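Sequence lines, in order, name chains A and B. Just so we're aligned, residue 1 is where the first sequence starts under full-length UniProt numbering, counting upward by one. Just so we're aligned, residue 1 is where the second sequence starts under full-length UniProt numbering, counting upward by one. No residue lacks a Cβ here, since even glycine has one placed at the ideal position from N, Cα and C. Just so we're clear, the structure is a prediction, and the values are computed from it rather than from any experiment. Only one structure is covered here, and it is reproduced in the block below.
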Amino acid sequence: MKTVTLTIDGRTIKAREGEKLLWVALENGIYIPNLCAIPGVKHPAAACRLCFVEIEGYPRPVTACTEPVVEGMVVSTRSPRVDRLVQTAFELLLSNHQQDCANCPRNRSCELQRIARERRIPLRVKRLRKLERELPVDDSSPALRYDPRKCVLCGKCVWVCREKGTGVLGFAGRGFGRRITTFGDVPLGQSGCNGCGECARICPVGALVEKKADI
Amino acid sequence: MSRDKVIKENFTKLQQKSRAAWESLRERPLILVGTATCGRAAGALEILKVIKEELAKSGLEASVLEVGCMGHCYAEPLVTVYKPGFPPICYGYVTEGIAARLVQDFLGGDDPCLEFALAALEANDMVPAFTDFPRGMIEKNIILDKCGLIDPENIEHYIALGGYAALAGALGRDPGQVLEEIKASGLRGRGGAGFPTGRKWETCRLAPGEEKYVICNADEGDPGAFMDRAILESNPHQVLEGLAIAAYTVGARQGYFYIRAEYPLAVARVKKAIEQARQAGLLGTNILGSGFDFDVDVFQGSGAFVCGEETALIASMEGEPGLPRHRPPFPATAGLRGKPTVINNVKTLSYVPHIVERGARWLRETGTDGSPGTAVFALAGKVINTGLAEVPMGTTLREVVYDVGSGIPGGKAFKAVQIGGPSGGCLPESALDMPIDFDSLSQAGAMMGSGGMVILDEDDCMVEIARFFLDFTQKESCGKCTMCRLGTRQMLDILEAITRGQGKPGDIELLLELAEDVKAGSLCGLGKTAPNPVLSTIRYFRDEYEAHIKERRCPALMCQSLIAYYILPEKCERSCDACVGSCPVEAIYTNEDRIKVIDQQKCVKCASCLEACPPQYKAVIKLSPPELVNEMGA
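Structural data, given as structure tokens:
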């Protein structure tokens with residue numbers, strides 16, 4: 001396979017041609033915020049809008065998860081424009097995320113906390129209104145607990161459930177009403193879920209957690 | 001015989017047969033009734049029935065044809081009569097009585113009933129023609145040319161008037177030559193973004209792969225827009241011919257019409273057109289003996305606005321949820337089922353036969369350098385002549401609103417024109433003299449969009465208009481990407497607060513910040529353009545936003561929470577009880593001076609009293625901010 005040489009934040013990096021920029025950066029220890037990206041997936045969802053970067057010659061910031069690396073590419077992961085977009089997308093997600101870090105099983109292992117730390121963005125959003133979702137917590141499964149109010153709709157659980165689980169998870173609704181649910185919109189305990197727990201392991205936040213971790 | 005000659009010979013046979021059928025129609029009087037959706041809504045089917053009954057009763061010989069929409073939707077139902085010895089005359093606002101008289105007096109006698117005539121179709125000495133009016137001088141019909149004049153369900157009419165000659169001509173040429181013609185014409189996509197059609201076709205043509213597709217995007221969904229519906233209902237063969245030429249050019253053998261299921265008449269007429277074209281040998285295998293195979297199917301969209309976005313459209317055709325995905329790859333290289341796919345709007349494809357037939361230079365004679373050809377607008381809102389109009393690119397907004405649309409009804413003042421639907425923007429009076437084309441509109445903060453044009457007058461609140469369109473996009477957002485799902489929702493919440501009088505200082509700035517980030521950061525075209533109505537109204541009508549926030553006042557007296565109804569004592573005609581009777585909540589009482597007073601606690605602001613108060617008194621008025629009532633009342 002052909003390799004290419006590119007520059008990210010001044011560092012010269014060799015990578016497989018065509019590999020998506022996000023993975024090249026992450027593999028080389030350069031952090032770019034992301035929630036929905038899944039390694040090896042052919043069509044990235046590009047849904048979370050957090051992995052913006054500047055590429056020389058491009059008129060505006062682009063998402064790193066969709067951009068294949070090419071020879072001589074010059075990338076910067078930070079710029080005033082990038083920071084502004086990332087901050088807005090992040091704050092939008094937080095405005096719609098039920099925040100209860102102290103009591104959340106994912107406290108300290110939450111991707112939202114990591115992004116806040118890496119980019120120095122406060123977890124408490126001042127400029128936006130809180131957009132609460134009045135959805136019930138699904139406690140029906142013996143293995144899992146699903147709190148849709150914490151979900152950031154990255155879609156990783158849907159993907160992993162199809163790859164490794166029983167494929168009962170999917171998206172429903174549209175616009176602000178979009179949410180993750182089971183086939184037929186029944187509680188997890190009554191769905192075909194076998195409790196394998198893959199979804200909880202891939203969930204970047206505390207929306208899907210394994211019950212044993214809960215205790 | 002050479003391939004060229006075979007095509008020509010086959011087509012000539014078809015043309016001769018069609019012309020004979022068309023000419024035989026004209027041997028006796030001919031009545032056209034516009035039965036597109038706009039006509040039907042106004043009662044055209046009843047008119048059609050009356051005409052047929054009257055003809056049967058009187059024993060008069062005449063042909064009756066159902067035709068599409070001529071664009072004069074404000075005057076529906078429309079009936080056009082061709083009678084030898086008379087110019088073809090179009091009648092508007094036809095009632096059952098007028099329809100009966102047209103048969104009895106015009107066909108039966110020789111009275112053309114000119115009191116009901118809208119205009120003649122051709123210049124003559126008897127009746128003013130459409131071209132004698134200011135509107136007729138501005139309009140230039142290219143793609144609406146045959147709409148309303150032919151039976152859309154009869155392929156022979158289309159062929160007799162020159163249809164499918166462009167396809168026959170194209171099949172006799174090298175696809176590369178056809179592509180060069182389209183590229184040279186500078187045709188830009190009429191779906192909204194204005195991408196050069198030739199470049200799209202070239203990308204698809206050069207993309208590797210045997211299997212390619214062409215799709216006609218007829219998922220028209222902008223509020224107030226109905227151009228694509230009218231064209232599909234009035235002249236479906238023109239679009240089909242354009243699609244076939246596109247297929248030949250890029251090397252596709254299968255095409256699709258993606259039509260929203262809410263357009264049942266368009267679906268039916270397109271299906272019929274496809275069937276007829278197959279029977280005539282203009283679709284299917286070895287078209288006109290050229291060796292080119294091409295067939296078309298109809299796919300019905302299920303009503304999601306976002307499916308007009310090409311990657312979402314493809315996803316929905318593939319049986320997936322209609323969600324957009326990241327571009328590139330563009331559909332022209334990897335589209336339907338991963339194959340190179342050209343997706344063009346109904347109007348874009350409608351130009352194609354004309355360009356192939358008359359040449360690139362001919363198209364460039366009309367319009368501006370950057371946007372050759374015409375623009376089709378659907379006029380709606382506060383304008384006298386609602387309907388469709390096709391005008392050269394570069395026509396000013398003033399000409400469209402005042403000459404084509406005949407201005408604002410009720411002597412009200414023009415305030416703004418909303419162009420391009422939820423992706424477009426609101427342009428103020430100062431933009432009226434701007435020549436409209438793709439580039440000037442986007443510079444002004446609006447967008448050509450698909451051609452919806454909603455005219456707003458002094459009674460329309462611009463914050464409310466922005467809220468209306470954002471409410472639409474917010475509901476139609478697929479919810480996949482953060483910026484659009486939550487950004488438009490945050491913006492909508494702010495706008496709702498402002499229209500309720502709960503706006504805060506800094507809200508305008510926050511709206512602008514969010515608008516720019518949603519524009520720059522959204523995944524697809526829906527999100528990238530959704531903030532436009534907000535940005536353009538703030539740009540041109542910031543004072544209205546400020547009045548709402550700082551003074552709790554709605555200058556247009558439209559926002560319910562910011563107005564109160566009040567009865568002027570000096571104007572109230574004490575003995576009249578019209579307002580009292582109209583009030584659904586018994587909020588109006590008579591005081592000791594026998595003057596009517598509104599109990600503001602009970603009032604639900606339904607405006608019934610305002611409408612009920614006789615026009616000679618006009619005693620009921622609206623006040624904003626509502627607290628003004630206290631100052632007045634004392």
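What separation, rounded to the nearest whole angstrom, lies between the Cα atoms of residue i and residue j?
i, j, result
"Arg552 of chain B", "Gln502 of chain B", "8 angstroms"
"Asp214 of chain A", "Val629 of chain B", "Here the model assigns Asp214 of chain A a pLDDT of 46, short of 50, so the residue's position is not dependable, and the following value carries that caveat. Computed Cα separation, rounded: 59 angstroms."
"Ala634 of chain B", "Gly387 of chain B", "Because Ala634 of chain B carries a pLDDT of 48, less than 50, the predicted location of this residue cannot be relied on, and the following value inherits that uncertainty. C-alpha separation (whole angstroms): 48 angstroms."
"Leu492 of chain B", "Pro196 of chain B", "34 angstroms"
"Ala170 of chain B", "Met462 of chain B", "49 angstroms"
"Leu6 of chain A", "Lys20 of chain A", "12 angstroms"
"Phe330 of chain B", "Glu202 of chain B", "13 angstroms"
"Ala380 of chain B", "Arg119 of chain A", "48 angstroms"
"Arg16 of chain A", "Cys65 of chain A", "15 angstroms"
"Gly18 of chain A", "Thr499 of chain B", "50 angstroms"
"Leu510 of chain B", "Ala99 of chain B", "58 angstroms"
"Pro87 of chain B", "Asp105 of chain B", "16 angstroms"
"Arg201 of chain A", "Phe171 of chain A", "19 angstroms"
"Gly172 of chain B", "Glu309 of chain B", "34 angstroms"
"Lys436 of chain B", "Pro223 of chain B", "The amino acid occupying residue 436 of chain B in the given sequence is Ile; Lys does not appear at that position. Using only the alpha carbons, I get a separation of about 20 angstroms."
"Leu323 of chain B", "Val209 of chain A", "28 angstroms"
"Ala225 of chain B", "Leu22 of chain A", "41 angstroms"
"Lys339 of chain B", "Ile314 of chain B", "11 angstroms"
"Lys272 of chain B", "Glu46 of chain B", "23 angstroms"
"Asn10 of chain B", "Glu53 of chain B", "40 angstroms"
"Lys200 of chain B", "Ser450 of chain B", "18 angstroms"
"Lys192 of chain B", "Lys156 of chain A", "Note that residue 192 of chain B is Gly in the sequence shown here, rather than Lys. Rounded to the nearest angstrom, the two C-alpha atoms are 34 angstroms apart."
"Val270 of chain B", "Ile150 of chain B", "15 angstroms"
"residue 637 of chain B", "Glu139 of chain B", "A query on residue 637 of chain B cannot be resolved here, the shown segment of chain B reaching from 1 to 634 and no further."
"Val158 of chain A", "Leu50 of chain A", "20 angstroms"
Assuming residue i and residue j are in contact, meaning their beta carbons sit under 8 angstroms apart, how far apart are those beta carbons, in whole angstroms?
i, j, result
"Glu96 of chain B", "Val127 of chain B", "Going by Cβ atoms, the distance from Glu96 of chain B to Val127 of chain B rounds to 23 angstroms, so no, they are not a contact pair."
"Ser371 of chain B", "Phe438 of chain B", "5 angstroms"
"Pro148 of chain A", "Ala89 of chain A", "Actually they are not in contact, since the Cβ atoms of Pro148 of chain A and Ala89 of chain A sit about 20 angstroms apart, beyond 8 angstroms."
"Val391 of chain B", "Ala375 of chain B", "6 angstroms"
"Ile159 of chain B", "Gln15 of chain B", "6 angstroms"
"Gly71 of chain B", "Ala389 of chain B", "6 angstroms"
"Leu78 of chain B", "Cys90 of chain B", "6 angstroms"
"Met558 of chain B", "Asp459 of chain B", "6 angstroms"
"Cys609 of chain B", "Tyr565 of chain B", "6 angstroms"
"Gly479 of chain B", "Arg133 of chain A", "Not a contact, Cβ separation roughly 12 angstroms."
"Ile231 of chain B", "Cys147 of chain B", "7 angstroms"
"Glu220 of chain B", "Ala360 of chain B", "Between Ala360 of chain B and Glu220 of chain B the Cβ distance is about 27 angstroms, and since that is not below 8 angstroms, they are no contact."
"Ile567 of chain B", "Ile598 of chain B", "6 angstroms"
"Ala75 of chain B", "Gly92 of chain B", "3 angstroms"
Give me the DSSP bridge partner(s) of residue i.
i, result
"Glu180 of chain B", "Paired residues: none, contrary to the question."
"Asn345 of chain B", "B:Asn217"
"Phe257 of chain B", "B:Cys216 and B:Val298"
"Leu288 of chain B", "Answer is none; Leu288 of chain B lacks a bridge partner."
"Val597 of chain B", "B:Tyr589"
"Val64 of chain B", "B:Ile31"
Give a yes or no on contact between the segment 242 to 252 of chain B and the segment 335 to 354 of chain B, applying the rule of three or more CB pairs nearer than 8 angstroms. yes
Any 3 or more C-beta pairs closer than 8 angstroms across the segment 78 to 88 of chain B and the segment 22 to 34 of chain B: yes
Check whether the segment 531 to 544 of chain B and the segment 502 to 521 of chain B are in contact - that is, three or more C-beta pairs closer than 8 angstroms. yes
If we require 3 or more residues per run, which beta strand (DSSP E) segments fall completely within the segment 373 to 431 of chain B? 374 to 381, 387 to 392, 414 to 419 and 425 to 428
Unbroken beta strand (DSSP E) runs of length 3 or more, entirely within the UniProt domain "4Fe-4S ferredoxin-type" (563 to 593) of chain B: which are they? 564 to 567 and 588 to 590
Where are the alpha helix (DSSP H) runs, 4 residues long or more, that stay fully inside the segment 436 to 483 of chain B, in chain order? 438 to 443 and 462 to 476
Three or more C-beta pairs below 8 angstroms linking the segment 573 to 581 of chain B and the segment 477 to 494 of chain B: no
Okay, do the segment 144 to 164 of chain A and the segment 20 to 38 of chain A touch, 3+ Cβ pairs below 8 angstroms being the bar? yes
What are the complete beta strand (DSSP E) segments, minimum 3 residues, inside the segment 86 to 157 of chain B? 89 to 91 and 117 to 120
Pairing CB atoms from the segment 252 to 259 of chain B with CB atoms from the segment 284 to 299 of chain B, are three or more of them under 8 angstroms? yes
Restricting to runs no shorter than 4 residues, where is the alpha helix (DSSP H) found entirely within the UniProt domain "4Fe-4S His(Cys)3-ligated-type" (81 to 120) of chain A? 111 to 119
What runs of the beta strand (DSSP E), each 3 residues or longer, lie entirely inside the segment 146 to 191 of chain A? 169 to 172 and 179 to 182
Give a yes or no on contact between the segment 53 to 68 of chain B and the segment 109 to 120 of chain B, applying the rule of three or more CB pairs nearer than 8 angstroms. no
How do the segment 178 to 186 of chain B and the segment 360 to 367 of chain B stand: do at least 3 beta-carbon pairs fall below 8 angstroms, yes or no? yes
Okay, do the segment 208 to 220 of chain B and the segment 259 to 266 of chain B touch, 3+ Cβ pairs below 8 angstroms being the bar? yes
Any alpha helix (DSSP H) of 4 or more consecutive residues that is wholly inside the UniProt domain "2Fe-2S ferredoxin-type" (2 to 81) of chain A: 21 to 27
Threshold first: 4 residues or longer. Then list the alpha helix (DSSP H) segments lying entirely within the segment 487 to 563 of chain B, N to C. 488 to 499, 507 to 521, 525 to 529 and 532 to 551
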